[in-house]
Amino acid sequence: MNNQPIDIALTIKAERTAREWSIGELAQLSGVSKAMISKIENAQVSPTSTILGRLSGAFGLPLSTLLHRAEGRSGLLSRAAEQPRWVDPETGYARQQVSPREGWPLELISVQLPPGVRISYPATAYAFLHQQVWATQGTLTFTKGTTTYLLEQGDCLQLGLPEEACTFENATPQVCEYVIALIRK
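Residue numbers for the sequence shown follow the working numbering, beginning at 21 and rising by one.
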């Protein structure tokens, strides 16, 4: 995304106003402060992946759908050079939308998780998805509640219904890469 903060700002505000929610209502539903939502909607800051996860969960949307809407992409073919890549300004976590916009119900997302980075999402961010995580490089530590899985290169994990927050962590000194395959319920 070339204009990340502006595109995300417009999308967040459009989603909120389409539901006729005040900033306060979105803050209450997402757990993100009113001040932060205001800064995001005014393109004063680029939100982190954790904040986007909370906002997408409040909207009842997968994070990928929220980012798709911000990107305004369409078409059946997703050329590698044109696949949008979003980078968390705080952690360097990078997420590339591999699937074409019309790829529903299946969606593929490629993620690069820098060394020492930990990203957590609330259960609401996953409440409407079936997904699998396939480690393609390095080691990924995935935690759901009190259950932890260590995924090495080539391992694939089927995620069940999350009733608890989920955390993706790279506790190694090398970049970890993985692919998320998801289907809306």
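Ideal Cβ positions, reconstructed from N, Cα and C, are used throughout, including at glycine.
All of these numbers come straight from a predicted model, not from anything done at the bench.
Cβ distance (whole Å) where residue 163 is taken to contact residue 134 below 8 Å = Not a contact, Cβ separation roughly 18 Å.
Would you decide whether residue 75 is buried or exposed? Buried here means 16 or more other CB atoms lie within 10 Å of its CB.
-> buried
Residue nearest to residue 143 in terms of C-alpha spacing, selected from 54, 83, 58 and 176 | 83
Run of the alpha helix (DSSP H) containing residue 210, from where it starts to where it stops | Because the chain here runs from 21 to 205, residue 210 falls outside it and cannot be looked at.
Give me the Cβ distance between residue 117 and residue 87, rounded to the nearest whole Å; I'm assuming they're in contact under 8 Å.
-> Right, their Cβ atoms sit about 6 Å apart.
If you check the beta carbons only, do residue 190 and residue 153 fall under 7 Å apart?
-> no
Residue 138 in three-state terms, based on DSSP = strand
Take residue 183 as the anchor and find which of 64, 149 and 33 has the nearest alpha-carbon.
-> 149
How would you call residue 176, buried or exposed, if buried means at least 16 neighbouring beta carbons within 10 angstroms?
-> Around the beta carbon of residue 176, fewer than 16 other beta carbons lie within 10 angstroms, which makes this residue exposed.
Go through the region 53-136 residue by residue and report every complete run of the beta strand (DSSP E) that reaches 3 residues or more, in order.
-> Complete beta strand (DSSP E) runs here, min 3: 105-107, 114-117 and 126-133.
Beta-bridge partners of residue 194, as assigned by DSSP = None; residue 194 has no bridge partner.
Looking at C-alpha atoms only, which residue of 49, 188 and 197 is the closest neighbour of residue 69?
-> 188
Does DSSP put residue 31 in a helix, a strand or coil?
-> helix
CA-CA distance, residue 50 and residue 77?
-> 7 Å
Three-state secondary structure (DSSP) of residue 23 | Residue confidence for residue 23 is low, a pLDDT of 49 falling below 50, so the modelled location carries little weight and cannot support an answer.
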